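Under this note's numbering, the residue at position 12 of the sequence shown is numbered -2, and the numbers go up by one with no gaps.
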Amino acid sequence: MKRIFTILSVLSLIAMGCNREPYADAIITPNPAYVGEDITFTNISTNTDYVEWDMNDGYQYNEPVVDHYFVDPGWYDVSLRAFGTKGGVSTAVIPMEVIGAELTVVVRLWTEVEGQGYLLPGASVRLYPTLTDWENETNMVAEAFSDSYGECTFTNLSYQRYYVDVWEANHDNYT
């Protein structure tokens, strides 16, 4: 009889020991990612009942697999909280690098002959965040000058619409 109680006691301790604390873990692809690119956040936590994601940009989710994108370049500490079936909580913080958007502008001066034109080096290319800013030439975001191929590239931009103004001293900039 003592053996039965001993065996039952041992079995109950083993059963209680099987209830493990949650462990938060995730796979993020791609990392790094570009501004505006869809990123898949996959929960691979163990011993969990449900999870909560905090993207560190104002968005939160509670699904196990989340598709999300960032609108600004930089580093984000994405946190995943895994809640265990018996009340425990585990948190994982995953650094996420978001690389800024890139915009290349080609400055080409068109002539009266249809389809004819030439690349214009040395032109000032300016980006504005709104149509009103473009019209009033206020709040310029960035400026670059076209190279010998008539091109200039802006990097590390936020994911948004930009209004472009091109100026060159020897040409009719209005048209």
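For every residue, glycine included, the Cβ atom is placed at its ideal position computed from N, Cα and C.
Here the structure is a predicted model, which means the values were calculated and not measured.
By the Cβ rule, the segment 47 to 60 counts as touching the segment 74 to 87, because three or more pairs are nearer than 8 Å.
Here D35 has F69, G70, T71 as same chain residues with Cβ atoms under 7 Å from its own Cβ, once five neighbours each way along the sequence are excluded.
For V152 against A109, the beta-carbon gap comes to about 5 Å, under 8 Å, which counts as contact. If you look at E129, you'll find it isn't in any alpha helix (DSSP H); it sits in the beta strand (DSSP E) that goes 128 to 131. When secondary structure is reduced to three states using DSSP, N122 falls in the helix class.
The beta carbon of G136 is closer than 7 Å to those of V92, V93, R94, L105, L106, P107 in its chain, skipping five residues each way along the sequence. For L95, the three-state secondary structure derived from DSSP is strand.
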